[in-house]
Structures are given as structure tokens and as C-alpha cells.
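All remarks here apply to the structure that follows.
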Amino acid sequence: MKKVFVSGMAYVALSRVRSIAGLQITDYKQGSIYCDEELQGAISDMKHFKFVSNPFTNVGDRSENEVSKLNIVHHNTEGLVAHFKSLKSTCLVKADIICLTETWLSENVPSSQVQLESFNMFRKDRPGRRVCEDGSSATSNAPHGGVAVYVRDVYRCSEIPIPDDIGLECVVTQVSAEGMDHIIVAIYRAPNVLKDLFISSLEKLLQHLTAVERNNTVILGDFNENLLSSEDNKKIQSCLMRNGYEQLIEAPTTMKGTLIDHVYMSALSHVVNHGVIQTFYSYHDAVYCVLCCAQVPEQSEDEGSTLVVVKEYNVV
Numbered sequence: 001m002k003k004v005f006v007s008g009m010a011y012v013a014l015s016r017v018r019s020i021a022g023l024q025i026t027d028y029k030q031g032s033i034y035c036d037e038e039l040q041g042a043i044s045d046m047k048h049f050k051f052v053s054n055p056f057t058n059v060g061d062r063s064e065n066e067v068s069k070l071n072i073v074h075h076n077t078e079g080l081v082a083h084f085k086s087l088k089s090t091c092l093v094k095a096d097i098i099c100l101t102e103t104w105l106s107e108n109v110p111s112s113q114v115q116l117e118s119f120n121m122f123r124k125d126r127p128g129r130r131v132c133e134d135g136s137s138a139t140s141n142a143p144h145g146g147v148a149v150y151v152r153d154v155y156r157c158s159e160i161p162i163p164d165d166i167g168l169e170c171v172v173t174q175v176s177a178e179g180m181d182h183i184i185v186a187i188y189r190a191p192n193v194l195k196d197l198f199i200s201s202l203e204k205l206l207q208h209l210t211a212v213e214r215n216n217t218v219i220l221g222d223f224n225e226n227l228l229s230s231e232d233n234k235k236i237q238s239c240l241m242r243n244g245y246e247q248l249i250e251a252p253t254t255m256k257g258t259l260i261d262h263v264y265m266s267a268l269s270h271v272v273n274h275g276v277i278q279t280f281y282s283y284h285d286a287v288y289c290v291l292c293c294a295q296v297p298e299q300s301e302d303e304g305s306t307l308v309v310v311k312e313y314n315v316v
């Protein structure tokens with residue numbers, strides 16, 4: 001202990017011990033165990049981590065009133081191979097439809113390596129990328145990106161082909177639940193993609209989908225458009241609103257407090273819940289919505305919305 005000369009050094013050394021029997025301290029000096037004086041200030045600046053109860057109910061555990069609900073979630077994983085085990089440890093895998101962006105997959109990663117049990121998987125990798133076994137890039141300048149969608153196998157689903165000339169990084173699926181057909185669009189817009197170019201492609205996609213019969217369309221993903229910033233022109237949101245879509249998410253979705261992960265709905269009457277789920281392995285939090293796959297009477301203006309109370313804790 002006499003050789004401890006930096007704040008936190010003793011903690012790091014002691015934390016390496018895996019059992020009491022393996023702990024041997026020589027030259028014990030109580031004053032050697034101390035922390036940086038600025039630590040308290042750093043803790044006060046830490047983002048509050050919200051422990052949210054699982055908003056999803058397993059298909060087999062759903063009550064009669066919950067059978068008709070469809071749980072949809074989106075998360076920017078920042079590397080699916082590297083974070084696959086972490087993803088499986090979260091409540092996100094309790095959803096019925098899991099949309100992932102920035103998967104960073106390539107053709108040398110078989111779908112079996114990132115397959116979730118009881119799900120059908122659809123993926124679109126960004127060309128020109130190669131992934132190492134640990135999930136890192138084989139080359140430093142390899143592009144990221146990539147989109148994947150998992151649909152629970154109790155639902156009838158299929159991928160809707162998108163013409164290459166539309167030029168969007170997205171996966172579009174049609175999912176049938178309780179007699180209703182839903183179009184799920186998982187999409188990623190990289191920060192370096194010009195908004196005007198993206199919007200032009202988005203308009204083409206929406207036009208392409210008009211020929212597909214469905215009860216509802218959900219468009220969700222990482223749009224890299226901060227809806228909480230007065231400096232952002234919010235052109236993408238305006239485009240989708242002009243086409244009859246409403247954006248659900250209101251809270252920040254990243255560590256820096258930006259709202260760049262969106263959920264757009266064409267039929268708000270089907271939405272029974274929505275929100276943000278914090279994660280521990282990505283810069284992004286997950287966003288979700290719960291739909292009722294049955295005709296829901298429109299809520300009158302004087303009827304209040306259901307509030308979900310979230311407890312906040314500082315996690316060190």
C-alpha cells in the first residue's frame with residue numbers, strides 16, 4: 001500500500017481480486033485509499049440513468065387484453081457483433097419487432113452469428129465493409145452503417161423489396177398481426193448524407209409504399225436530425241408530417257441529450273404507449289412504441305394521456 005500514489009489506484013488494484021481468500025494486503029496504510037477531490041463534482045454532472053420496468057410482455061405471458069398488442073423497438077447498436085451479448089441481456093429482445101441501425105455487419109458475418117431465437121431476421125449491410133471476429137473494422141476507413149430487422153416468428157412477415165435507385169439505407173418489412181398488416185420501415189441516415197438528398201429519396205420510398213395495402217406504417221430509426229435543437233431545420237420531420245406521419249418521441253435519445261432517434265406513425269389511434277429505454281453499451285438509447293392491432297376509438301381532446309413514472313438514479 002506504500003506504493004499507492006494516485007487517487008483511485010488502490011481501488012483499481014483491490015478490484016482485481018476475485019475472492020477474499022485471494023486478497024493479501026501488505027504495508028496497509030488507510031490514507032492510501034482515497035479518491036480525487038473533483039470526483040463529487042464529476043458525479044453531479046453525470047447523466048441520470050433511468051431504470052425503466054420492461055414495457056414489453058412476452059407473447060406467451062400476455063393477458064387477453066394484451067394479445068392484440070404489437071411491441072416495436074429501435075436501437076442504434078454501434079456494432080451488432082460486438083454488442084450482441086449485451087443486446088440479448090436487455091428487455092429489447094422482449095419486443096415483437098426489433099429494428100437495429102449501425103449494425104456494422106458485412107458479408108463475412110453470417111446471419112447465424114447474430115440470430116435471435118424465435119425471430120426472423122432481415123438485414124441490409126453497407127457495401128465495402130469487412131468485420132473482424134470481435135466486431136471491429138478490418139480497415140480503419142471502412143464505412144459503418146447497416147440496418148437489421150428481427151420479427152418474432154409467431155407473426156407472418158415478409159421483406160418488401162426497395163428499388164436500388166431510391167438510395168436509402170433501410171429495411172422494409174410487412175408484418176401481419178391480429179388480422180392487421182403493418183409496414184415497418186427501419187432506416188438510417190448517416191450524418192454526412194445531405195438532408196435534401198435524403199428527403200428526395202424518402203419521398204420516393206413513400207411513393208413506392210403507396211401501392212402496398214396496409215393498416216398502418218411505422219417509420220423509425222436514426223435520422224441524425226436533432227428535434228430538440230432550435231438550430232436544426234428539422235426538414236426530415238417536416239417532410240414526413242406533410243405525408244401524414246406524426247413523430248412520437250419527446251425525450252433525448254443520446255448521451256449528449258439530443259433527440260435524433262425518431263418514431264413516425266401514420267395512424268396515431270393505434271398507439272397505446274411509446275418512450276425511450278436507456279442502454280449501457282451504446283451512445284444511443286432505444287426508442288419504442290406499442291400498438292394495438294385492433295380498431296381503437298379516437299381519444300377525445302379532454303381525455304388525458306397515460307403517464308409512465310420513471311425513477312431516476314445516479315449510477316457510478
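In the UniProt record's numbering, the protein residues as written are 1 to 316.
Built from N, CA and C at the ideal position, the CB exists for glycine as well.
Asked, Found
"Tell me whether the beta-carbon of residue 224 lies closer than 8 Å to the beta-carbon of residue 182.", "no"
"Exposed or buried, residue 180, counting other C-beta atoms within 10 Å across all chains shown (16 or more means buried)?", "buried"
"Which value, in whole angstroms, describes the spacing of the CA atoms of residue 145 and residue 127?", "9 Å"
"Going by DSSP in three states, residue 288 sits in which element: helix, strand or coil?", "strand"
"So which of 85, 8, 151 has the shortest CA-CA distance to residue 39?", "8"
"Within its chain, find whatever has a CB closer than 6 Å to the CB of residue 155; leave out the 5 residues flanking it on each side and keep chain order.", "175, 177"
"Along the chain, where does the beta strand (DSSP E) containing residue 222 start, and where does it finish?", "216 to 222"
"Do residue 289 and residue 228 have their C-beta atoms closer together than 8 Å?", "no"
"For residue 217, count the other beta carbons within 10 Å of its own beta carbon; 16 or more makes it buried, fewer makes it exposed. Which is it?", "buried"
"Tell me the DSSP secondary structure of residue 270 in three-state form.", "helix"
"To the nearest angstrom, report how far apart residue 234 and residue 252 are at their CA atoms.", "15 Å"
"Taking the beta strand (DSSP E) that residue 261 belongs to, which residues open and close that run?", "261 to 265"
"DSSP beta-bridge partners for residue 241?", "Note: residue 241 sits in no beta bridge, so no partner."
"What whole-angstrom Cβ distance do residue 99 and residue 17 have, given they're in contact under 8 Å?", "That pair is no contact at about 42 Å."
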